[in-house]
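Letter by letter, the sequence shown follows residues 141 to 624 in the numbering used here. The C-beta atom is built at its ideal place from N, Cα and C for all residues, glycine as well. Since this is a predicted model, take the numbers as computed values, not measurements. To start, the structure itself, in structure tokens.
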Amino acid sequence: MAWRYYRTILALYFYFRYEIASNDSLQDLKFKPSDCTVIVPTVGPANNPVFREMTEQILRNKPACLIFSANSPNAQEDIMAHIEDSIKTLGSEMVTEIKYTCVNHSNKRKQTCHAIDIVKTRITVMVDDTAIWNEQLLNATLPAFNDPEIGLVGTRKVVRYIRPNRNPNMSLMQYYKAWYWAGLWNTIGALYLQRHSFETQASNTADGGVFAVSGRTLFILTSIVRNDHFKDRFLNEHVLKSVFTWLTRLTKWHIPFAGQILTYFEKNGLNQNGFGPLLADDDNFITRWTIDHGYSTKIQSSPNATITTVLGNVETFKFIDQCKRWSRTTFRQNPIALFSDRTIWWKWPISVWTVYFPWIYNFAMVWDLLAILAFCRSELYLDSPNGNTRLILLVSFIWLTKLIKTFPWFWEHPYDFLLYFWPIPAYPMFGYFHSYLKAKTAATCWNNEWSGRNLKKAEAVAGAVSGRKKAEDVSAMVAGLKDE
């Protein structure tokens with residue numbers, strides 16, 4: 141427990157010592173927006189309410205080129221139809237060349253690599269199709285590359301505040317219920333990213349370390365990723381090779397159930413190289429690849445260097461599935477960074493102990509419960525006439541420390557504090573529920589699915605925007621998916 145709160149104090153210290161890389165004038169920039177190509181791997185604009193806004197904000201930053209890498213020809217046609225409206229909206233502001241490509245496969249890594257092959261600029265920017273840029277994001281982020289040691293740059297992330305409008309067919313009680321639940325998931329998603337941004341800013345200040353430069357928007361020197369060695373490793377990353385090795389040995393030794401377990405895992409993607417090729421974890425791989433090749437990372441955290449994303453939309457709610465994917469990433473990637481690559485031990489020695497190890501063993505429900513049980517067995521509780529008061533103070537202290545990294549959101553939206561923290565402790569309770577999710581994903585970290593997005597549905601509706609598919613055909617396909 142002492143180490144837990146020492147880490148918090150250490151993170152606070154470095155968080156407030158953070159300095160952004162900046163320039164007095166745009167003329168002093170080593171790289172300018174015209175040196176950037178933006179890659180957006182996507183499944184298309186269907187069921188993505190922020191696709192147009194995402195596109196227009198990128199174009200307002202005036203990069204040299206914007207490449208949409210789709211997962212099918214139908215999705216590519218949808219994107220092209222969607223972009224026509226954005227081009228008309230921007231008019232004379234439009235200076236960016238737009239290109240389209242597709243790989244006939246819903247695989248972010250393959251889509252990204254396919255687009256990298258046609259990049260001609262010195263900086264490559266990889267962007268999620270739900271990331272909405274600030275209009276000055278390129279100018280605010282590129283100064284980090286003035287340092288010749290920097291090869292990878294991340295940005296600040298925030299979640300858009302969302303609350304549903306009242307449907308005329310709703311009763312007042314139904315509206316309040318929908319408003320509360322939409323607000324709950326929106327708030328929990330926002331606090332999740334707020335904590336991540338806090339920890340990333342603090343660790344990057346401490347020794348340059350990061351858990352991962354988020355793939356929502358990352359800037360990288362094209363020379364780092366524009367080579368066949370990167371492409372081969374990126375597209376063929378496997379994990380947990382030792383599982384195959386040991387299960388094979390145990391099977392040869394006729395250990396009971398070893399053969400059945402091996403067969404089960406082989407049906408779920410296990411081969412002699414391990415589980416893979418991985419679909420997720422792309423940003424973790426790129427972060428490790430960058431530092432393994434002698435470059436450093438920088439986080440640009442300022443209002444202008446900010447991307448906004450949407451989490452907690454009830455209609456497309458997949459936040460818990462996203463949490464599972466992020467947690468599995470931790471259990472897959474942290475051991476690789478710590479015990480296989482090992483670069484972080486000498487490059488980021490503080491982050492090893494304050495970020496990489498704690499993210500593996502930090503289960504809020506376990507540590508909070510142990511703290512309370514230890515206190516209840518101590519003389520401070522047993523021999524005191526005010527033992528229960530002290531217990532309440534301890535619990536209050538534990539919960540108040542959870543506000544340190546999340547305070548900015550509650551400061552901006554004070555009603556959320558009352559509705560989701562105190563007196564209604566929804567957020568702390570979700571933290572304990574997340575401990576259960578984390579334990580579950582630790583046992584299933586071999587699961588390689590891209591949870592958090594219904595790719596089958598995205599593939600089914602592709603073509604609806606451009607008219608390549610009839611509306612009734614799309615509805616029938618989506619209905620068929622629901623019946624599965």
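*asked:* For T456 and V350, what's the separation of their Cα atoms in angstroms?
replied: Per-residue confidence for T456 stands at a pLDDT of 49, beneath the threshold of 50, marking its modelled position as unreliable; the derived number appears in the next sentence. About 30 Å.
- Which residues in the same chain have their Cβ closer than 6 Å to the Cβ of R200, if we skip the five residues on either side of it in sequence? For R200, where only same-chain residues beyond five positions count, the Cβ hits under 6 Å are E275.
Which of the three DSSP states, helix, strand or coil, is assigned to N479? A small fix is needed here, since residue 479 is Phe in this sequence, not Asn. Three-state DSSP puts F479 in a helix.
Q | Beta carbon of V299 nearer than 8 Å to that of L277 | A | Their beta carbons are not under 8 Å apart, which means V299 does not touch L277 by this criterion.
* To do: Just mark G291 as buried or exposed, buried being the case when its beta carbon has 16 or more other beta carbons within 10 Å.
  => Buried: at least 16 other Cβ atoms inside 10 Å.
Original post:
Can you give the Cα-Cα distance for T584 and P308, rounded to whole angstroms?
Top reply: Roughly 44 Å separates the two Cα atoms.
Thinking C-beta only, is I179 closer than 8 Å to T261? Their beta carbons are not under 8 Å apart, which means T261 does not touch I179 by this criterion.
With C-beta atoms as the reference, is S524 less than 8 Å away from R517? Taking 8 Å as the Cβ cut-off, S524 and R517 do not qualify as a contacting pair.
Those runs of the beta strand (DSSP E) which lie wholly inside the segment 424-468 and span at least 3 residues: Here the runs fully enclosed are 436-440 and 446-449.
**Q.** For A142 and H433, the rounded distance between their alpha carbons
**A.** Approximately 36 Å between the Cα atoms of the pair.
Quiz item: So, is M569 buried or exposed, given that buried needs 16 or more other C-beta atoms within 10 angstroms?
Solution: Exposed.
### Message
On the CB-based measure, 16 or more other CB atoms within 10 Å of its CB, does H254 come out buried or exposed?
### Response
Buried, because 16 or more other Cβ atoms sit within 10 Å of the Cβ of H254.
Nearest-angstrom Cα separation, counted from E217 out to E233 = When rounded, the distance between both Cα atoms is 24 Å.
Worksheet item: Measuring CA to CA, which of R296, Y501 and A322 is closest to Y158?
Response: Per the Cα distances, R296.
| message | Am I right that V259 and R366 are in contact with their C-beta atoms under 8 Å? What's the rounded C-beta distance? | response | That pair is a contact at about 7 Å.
For F191, which residues of its own chain have a beta-carbon under 7 Å away from its beta-carbon, when the five flanking residues on both sides are left out?
-> Correct list, in chain order: P185, H222 and D269.
Excluding five sequence neighbours on each side, which residues of the same chain lie with their C-beta closer than 7 Å to the C-beta of C176? Once the five neighbours on either side are set aside, the close Cβ partners of C176 are P203, A204, T261, I263, V265 and L278.
Q: Pair every Cβ in the segment 346-363 with every Cβ in the segment 554-573, then say whether three or more of these pairs are closer than 8 Å.
A: Not touching, per the Cβ criterion.
Does the distance from the CB of Y240 to the CB of A271 come in under 8 Å? Cβ distance not < 8 Å, so Y240 and A271 don't count as in contact.
*Under 7 Å Cβ to Cβ from W539, same chain only, skipping five residues before and after it: list those, please.*
These residues qualify, in order along the chain: P568.
Query - Continuous alpha helix (DSSP H) stretch holding Y155: start and end - result: Per DSSP, Y155 belongs to the alpha helix (DSSP H) from A142 to Y155.
Quick check on the DSSP output: what are the complete alpha helix (DSSP H) runs of length 4 or more inside the segment 207-277, in order along the chain? Along the length of the segment 207-277, whole alpha helix (DSSP H) runs at least 4 residues long occupy 213-230 and 248-256, reported in chain order.
Cβ-based burial, V631 [other Cβ within 10 Å; buried from 16]: Since the first residue shown for the chain is 141 and the last is 624, residue 631 is missing from the structure and cannot be characterised.
Is S615 helix, strand or coil by DSSP?
Caution is warranted here: a pLDDT of 48 is assigned to S615, below 50, making its placement in the model unreliable, and the coordinate value is therefore given only provisionally. Helix.
Problem set entry | Simplified DSSP state of V492, which is helix, strand or coil | The answer is helix: DSSP assigns V492 an H, G or I state.
Measure the beta-carbon distance from A346 to S442 and round it to whole angstroms, keeping in mind my assumption that it falls under 8 Å.
-> Here A346 is actually not in contact with S442; their C-beta atoms are around 19 Å apart, not less than 8 Å.
| request: Could you give the DSSP three-state label for F415: helix, strand or coil? | output: DSSP places F415 in strand when its eight states are reduced to three.
Item to complete: Just mark M194 as buried or exposed, buried being the case when its beta carbon has 16 or more other beta carbons within 10 Å.
Response: So M194 counts as buried.
*asked:* If you measure between the beta carbons of D422 and K250, is that distance less than 8 Å?
replied: Cβ atoms of D422 and K250: not closer than 8 Å.
- Query: Roughly how many angstroms lie between the CA atoms of T674 and W273, to the nearest whole one?
  - Reply: Residue 674 cannot be examined here, being either before or after the span of the chain that is shown, 141 to 624.
What are the boundary residues of the beta strand (DSSP E) that K297 is part of?
Per DSSP, K297 belongs to the beta strand (DSSP E) from I290 to V299.
Check: How about I439 and Q341: do their beta carbons lie closer than 8 Å?
Finding: Contact flag set, yes.
Q. Ends of the alpha helix (DSSP H) at I701?
A. Nothing in the structure corresponds to residue 701, since the chain is present only between 141 and 624.
Self-check item: Assigned exposure category for P554 - 16 Cβ within 10 Å defines buried
Solution: Counting Cβ neighbours within 10 Å, P554 comes out exposed, since fewer than 16 surround it.
On the DSSP bridge list, what partners appear for P181?
P181 is bridged to S209.
Review point. CB-CB under 6 Å to R147, same chain, minus the five flanking residues each way: which ones, in chain order?
Key: Cβ within range, chain order: T494.
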